[in-house]
Structure formats: structure tokens, C-alpha cells
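To keep things clear, I will list the structure first and then write my remarks on it.
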Amino acid sequence: MDAGAVILEDDDRRRPRRRGVWLALVALLVALLAAVDGPAGAEPDPVAPACADGSAGEAIALPSGATATRCEAVGDGTATNPTYLSITLDKTVGTTDACAATDEISVAAGTTVYYCYTVTNEGSFSAWVHDLEDDQLGQLLAGHDEELAPGASTFVTASATIFADTVNVATWYATDGTESATDVDTATVTISGVAVPGAPTIAEVAAGEGTATVRWDAPVSDGGSAITSYVVTPYVGAVAGTPTVVDGAEREATLDGLANGTEITVTVAATNGVGTGPESAASAAVTPQWWLPWSTGPVAVDELFRWFTGSPPTAGELAQWLGDLDAGTALPGDLVAALRDGADATDNVDPVIRLYSAYFLRIPDLSGTQFWLNRRRSGWTLARISANFAGSSEFLNTYGALTNRQFVELIYQNVLGRPGDPAGIDFWTRRLDAGVSRGQVMLNFSESNEYRTGQASAVDAAATYLFLLGRAPTVAERDAFVADLEAPTPLAVLVRALIATPALAARAG
């Protein structure tokens, strides 16, 4: 940690002196106080104090930018320990820039306190080289060469802003080149009362389609009161947008409703029982775009067509959708909704998904769906695909070898969700006995208006997850998607939410 304090050297310091003049730098150091609960926030360099005797001293500008004062402290030549080098360190703390008499104080969180380190030479030899280290503020002096005569004393001050109970230990080391002496002292600051929290630190911000996701670190200080919420605010230039408030346990928030193509920055502020603290520094600038998380607009349109239809868009389709998307009259969710209403979905995708449900009462897996869609798109009839389902090992392992009548009874239970009426079971059993394939009979049920209507939302859920995220939804995900669709929430809106997930970001080209 940068301490920025030095003791200025005297040009004739190497002349022996029985009553030496000690030239000391009394510096107010700006330091990040690493308190018990973490480092404190930095404060601007305060003005250096006057000398201990009340004189103004000589103002000095340090290389660090801090202001300091050079003071003169004269020893009386009296050695407390006349036979060797000996020093005593007295560390005190107060709330003004004059050295306090106390080594323990209680302050409100966010108070700037001033530490004073006074060293006295109680030996009979002058000390020439000095180190001063504070376990919280860092190295304040290092290898400084200056005479501290017998009986003389001097002091150095440092400031820090305190947000948590703090005990810091100082060590002063002095040597005359032959002998050395060390002394240690402590000062304690406890927090009384509460204040607003400090400012959080933004760790990352990323743009999406009409969104920005920001992550942050909690402030160093909660002000002595638990943080209850965070206020996340987007800015367009200097104009604040609508803030989003999240729980105090959160460290991430996604802002939505942002204008695509408009650059923004984000700030975060913490709130506790006292109030809302200062905003963080502004984040890096990001720009939401309709095609995020894809790399470009053309890539987004091309991949959505390929994922949902198995084919790239024609030049006309690409131009039309890019025009609408760039103009802001459509979003990728609208493109997905349009593809789900298209001929490929109606003729190929949806019937295959319904067959999985009709035969096996389950959500189709991605590889199986793609396999049968490739067959369907290459010319296979739905009856042929259905017959393969009826003769599959999964069907036999699930239901065993069924008679024609048992097969019809299974269809009623799986597709209609009820036992079949005797007349209906007799009718379809006779059809099977007459040579109609089981695949065709099942297809008559799975493509009936009743089943198509009843399965519409579940089919949309399965197709959206399979082709957008590249995986089947869980039962819970499917059921939630179905409930949202039937609320009703437009499919395009639900797709937009899925596009904003990390899973899609990892898949998009």
C-alpha cells in the first residue's frame, strides 16, 4: 500500500550533536485502511497539520501529491537509558489533525480519523536510520536516514476513513548503525451508530438484446447496517434511465427495456436501514443490439432458420428479416414465432413431436427428433415414421407385445387420456385386423383436431427448447412454458427470455 510519508533529510545530518535538531515530516497520509472486515475507502489528501508547538512549520509538497509540514523537535540531551540505544513509540488516534492523547476512540462509520506516531529516543546514542510500519496502512517510513538525538522526539501522522471496528499495530525501528531498537504500539477505533453504505464496485457489464447485465462487488462498508437492496441505474450520457432495485443478497442484475443501438453506462448504489449510499463509478460503456448474443445480424437470422427448419433462409427471406430487424419492427423472437407457424413446423416438426407423446408419453430427445425430421424432410410419410415407432424397441420394452385390441386401448389412454368406448375400440380393432397398419391408426389419433389442439402448447415448448437451446426441456420447464403460453404470453416474448440465457449465448455463432 502506498504510504507516501517520508522524513526530510538535513544536509548536515552527519555532524554529531548532543542536542540534535530533529526535522520531522508530519504528513497526513491517504491510505486504504484494511480493517477487520476489509479495506476502507480512500479519502482525498487533507491539509497537513501544524507543528506540535503550534507553529506553522515549513510547508512541503511530497512527490506523492500529499501536503506535509516540516517541524523541529529538540531533545534535552537527557538519556533515560544512558548505556544503549532505546526508543519508545506512542501511537494515538483522534478525529482532528492534531495529535490526540487517546489510543482508543469510537466514531460513526465513514469518519476520517488521524493516527499519530510519536517516537522518543531514550538512549544515549543518536538513531540515524528509521522504519515505520502500520499493519493496516502499510510501510510509512523505510530506511530513512536522519538523526534522532538522545532525549529528542518526533511524530508522523496518517489519516484513514474507517467503516468497521479496527485495531492497527505500528512498529518503529531505529538504528545507529551498530545497535538497533524497536517499539510497538496500537490504536483502536470502534464504530458507533450507523451511516449509509459505501459505493459498490462494478466488476462486469455485458449488453444483450435490449438488455444489459451488470455484476458488482459489495461496498467495503455497509455503514453499520445490513444492506437491504441495490439500485442499478442505466445512463444514456448524463441522463439516468429507470432504475432497477434488487435484493441486498444479489450481486447481479439485468436491465431490460433498453434501446437497441444506444450506448449506455450503468451505476450501482447500496441501500441499508439509513438510506441509499453513493453510486459506484460508471461502468464501461456497452451497446445493446437486436442480434446479441450472435456475432452479427445475418448470422442470427441464418442460424435461426437452420435450427428451426433444417435449411438456410433464401436470399429474399434473409433480406426481408434483416430489414425488419434492423428497423426495429421485429425481434428474433418474432422470427422464431413465424418459423413455428411455417409450413415446415406444421407438416414436419409438430407431427413428429406429437408421435413421441402419443407413443411414449414423453418429451422427444434432440437426436431422435433430428433423425426422424431428416427422414420426414427427405420424403418419408408420417405413417411410415409412425409404424417405425410402433415396432421400435422402446415401444416393445415399454408395453410388451400387444394384441390389436390392446394396442387400440393403449391409443385411447395415451392420446385421449381416457378408456375407449366399446364401439370405438371395436371399430379400430377391426381396422387393424383388416390390415391397416398400427402406424396409420395411431396417426389418425395423433393428427386428430382434438389431439393437435390439446398438444399445441406442449409441442411449442418442446420445439422451442430443442431447436433454440439445442436440448429437450425438463418436464418442469415444459410445464412452465405451457402455463405461460396459456396465460397467454406470446411465444415471441418467451423466446426473447430464452435468447437472453447463457445457454443460448454459448450456442450462438
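Every letter in the sequence shown is one number past the one before it in this note's numbering, and letter 251, counting from 1, is 251. Glycine included, C-beta positions come from ideal geometry on N, C-alpha and C.
| query | result |
| --- | --- |
| Short Cβ contact (8 Å threshold) for Asp134 with Leu141 | no |
| Three-state secondary structure (DSSP) of Trp380 | coil |
| Alpha-carbon to alpha-carbon, Ala492 and Val266 | 27 Å |
| Short Cβ contact (8 Å threshold) for Leu89 with Val184 | yes |
| Residue closest to Phe163, alpha-carbon to alpha-carbon, out of Ala423, Pro488, Asp222 | Asp222 |
| Touch test, the region 263-281 against the region 293-306, Cβ-Cβ under 8 Å, three pairs minimum | no |
| Range of the contiguous beta strand (DSSP E) that encloses Glu204 | 201-207 |
| Option in Ala212, Thr178, Thr309, Ala434 with minimal Cα separation from Thr262 | Ala212 |
| Pairwise C-alpha distance: Arg478 and Pro490 | 15 Å |
| Inter-residue spacing [alpha-carbon to alpha-carbon] between Gly110 and Ala327 | 50 Å |
| Reference Cys116, options Ala337, Ser295, Ala158, closest by Cα | Ala158 |
| Rounded Cβ spacing between Asp350 and Ala472 (contact assumed at less than 8 Å) | That belief does not hold up - the Cβ atoms of Asp350 and Ala472 are roughly 15 Å apart, past 8 Å. |
| Backbone secondary structure at Ser393 - three-state DSSP | helix |
| Residues that DSSP places opposite Ser180 in a beta bridge | Thr175 |
| Arg215 - partner residues in DSSP beta bridges | Glu204, Glu252 |
| Proximity to Gly417 [Cα-Cα], best of Ser446, Leu396, Ile363 | Ser446 |
| Same chain only: Cβ atoms within 8 Å of Ala358, ignoring 5 sequence neighbours per side | Ile411, Asn414, Val415, Met442, Phe445, Ser446, Tyr451 |
| Inter-residue CB distance, Arg290 and Leu258 (contact presumed, cutoff 8 Å) | This sequence places Trp at residue 290; Arg is not what is there. That belief does not hold up - the Cβ atoms of Trp290 and Leu258 are roughly 11 Å apart, past 8 Å. |
| Which of helix, strand or coil DSSP assigns to Leu469 | helix |
| Segment contact flag, the region 170-187 with the region 98-110, C-beta cutoff 8 Å, min 3 pairs | yes |
| Residue range of the alpha helix (DSSP H) that includes Gly439 | 438-446 |
| The region 232-241 in contact with the region 115-129 per 3-pair CB rule at 8 Å | no |
| Cα-Cα separation between Ala337 and Glu303, rounded to whole angstroms | 15 Å |
| Where Val246 falls: helix, strand or coil (DSSP) | strand |
| Proximity below 8 Å, CB of Val459 to CB of Arg354 | yes |
| Cβ neighbours of Ser457 in the same chain (closer than 8 Å, five flanking residues each side left out) | Phe481, Val482, Leu485, Glu486 |
| Per DSSP, the bridge partner or partners of Val349 | Paired residue(s): none; Val349 is not in a bridge. |
| Where the alpha helix (DSSP H) through Arg105 begins and ends | Correcting the residue type first, residue 105 is Ile in the shown sequence and not Arg. Looking at the DSSP string, Ile105 is not in any alpha helix (DSSP H); the run it does join, the beta strand (DSSP E), is 104-107. |
| Inter-residue Cα distance where the pair is Trp321 and Asn388 | 38 Å |
| Within the region 281-349, ranges of the alpha helix (DSSP H) (whole runs, at least 4 residues) | 297-309, 315-327, 332-340 |
| Inter-residue Cα distance where the pair is Leu361 and Phe407 | 15 Å |
| Local conformation of Gln139 per DSSP, three classes | strand |
| Ala195 to Val93 span [Cα, whole Å] | 21 Å |
| Residue from Asp165, Val167, Ser180 with nearest C-alpha to Leu148 | Ser180 |
| Sequence-distant residues of its chain with Cβ nearer than 8 Å to Thr501 (five each side left out) | Leu469 |
| Sequence-distant residues of the same chain with beta carbon closer than 6 Å to Pro278, five excluded per side | Ala199 |
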